[in-house]
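Be aware that the sequence shown starts at 82, since it is given in the numbering used here, and climbs by one per residue.
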Amino acid sequence: IGGWVGTIALGLVIVLFEPSLSVFHYACVAAACEFCMIAADVACDGLVVGLSAREPAATRGTLLSNAYSVRFAAGTLANLTVAVLYNGRRDGGDFRFSLSLSQLWLIGVAPALAALVTTLPNIREPPAPPRRTLGAAFGEFYAVLHKPGPWRVGLGFFLITSLSVVMNNAQV
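Put into structure tokens, the structure is as follows:
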């Protein structure tokens, strides 16, 4: 939820203050908004993969393919919206009409805000199990280090990396 809240909040900042933002500040807010969108996207992907694992074997993958179909359709619609509505003469395009940058951001933020407002009251999460302490995690890590497998894998990666560095330097 945090990714979506951040995306919507930063999108609203652009919608409301875009005319007064410098190029640097606009780029910073847009980059932070993109970071929040990626965080939300990763969480959504994890949820969809987790839920698709619970599907019956006969229909497994339906949820995942539907989610990616909706994502592709929404991305196509967003690109088409920008291509058509941000192609006015004021912005170097050929159309007699165009929307401002803040209006385009509003087109993106409004559905996300509507989805968040309608979804938020329906979210129910069970209480989280107690977390491991840092000391317990280090204890498990220390126990794993006493087995020969991790040392072999580590040595293999070290040798592969060292060899690739030598090969890359030899090609220069």
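Where a beta carbon is used, it is the ideal one built from N, C-alpha and C, also for glycine.
For residue i, three-class secondary structure by DSSP
i: residue 222; result: helix
i: residue 238; result: helix
i: residue 169; result: strand
i: residue 116; result: helix
C-alpha gap between residue i and residue j, whole angstroms
i: residue 110; j: residue 102; result: 9 Å
i: residue 179; j: residue 106; result: 24 Å
i: residue 82; j: residue 200; result: 10 Å
i: residue 181; j: residue 166; result: 9 Å
Residue i, buried or exposed, once every other Cβ within 10 Å from all chains shown has been counted against 16
i: residue 99; result: buried
i: residue 196; result: exposed
i: residue 185; result: buried
CB of residue i within 8 Å of CB of residue j, strictly
i: residue 121; j: residue 88; result: yes
i: residue 84; j: residue 124; result: yes
i: residue 141; j: residue 150; result: no
i: residue 189; j: residue 177; result: no
Minimum C-alpha distance to residue i - residue among the options
i: residue 93; options: 82, 136, 132, 193; result: 193
i: residue 114; options: 90, 241, 131; result: 90
i: residue 128; options: 148, 117, 137, 157; result: 148
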